[in-house]
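My numbering applies: residue 60 is where the sequence shown begins, and numbers increase by one. This report concerns only the one structure given below.
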Amino acid sequence: MKIGKVLTELRSKKNLTQDQMADALGVKRPRYNAWENDISKPDLQMIDKIAEYHKITVDYILGRESNLGTPVPTWATSRDKRDFKQLLEEDPEIMFDGVPLDQEDREKVLKVMEAIFWDAKKKNKRKPIQE
60 MKIGKVLTEL
70 RSKKNLTQDQ
80 MADALGVKRP
90 RYNAWENDIS
100 KPDLQMIDKI
110 AEYHKITVDY
120 ILGRESNLGT
130 PVPTWATSRD
140 KRDFKQLLEE
150 DPEIMFDGVP
160 LDQEDREKVL
170 KVMEAIFWDA
180 KKKNKRKPIQ
190 E
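Written out as structure tokens, the structure reads:
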């Protein structure tokens, strides 16, 4: 995923405008807009500041890990990444014994689901096609 798309997604999740996001980062809106539209890229210090602001890793911004902090396998195709993104976007309410989990416990469950997802994808890729 391109940096601009990641930045747009992160900003949208917080329901912020480009002006608000630019202010939070200490830059002008046209510069931030150029990053979101992949016209230019933020420098490493700014990427670090963005990661800190959103409480994510630099690797996530650079597309080297998922939004749960797990590295995306090197063998994962763009389709695999899209499938995983769809899984996360379904966003069902996770419950235990009929009680909704709080955000921290929900993230723990999603991390386990992510590990299972990538493991299943990897096993599926190794299976020979049967006729």
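Glycine included, every Cβ here is placed at the ideal spot set by N, Cα and C.
What residue range is occupied by the uninterrupted alpha helix (DSSP H) comprising residue 94? 88 to 95
How would you call residue 175, buried or exposed, if buried means at least 16 neighbouring beta carbons within 10 angstroms? exposed
Examine the Cβ distances between the region 100 to 117 and the region 61 to 74 and report whether three or more of them are shorter than 8 Å. yes
With a cut-off of 8 Å on the beta carbons, I'd call residue 84 and residue 64 a contact; round off their distance for me. Wrong, their Cβ atoms sit about 17 Å apart, outside the cutoff.
Return the CA-CA distance between residue 95 and residue 67, expressed in angstroms with no decimal places. 6 Å
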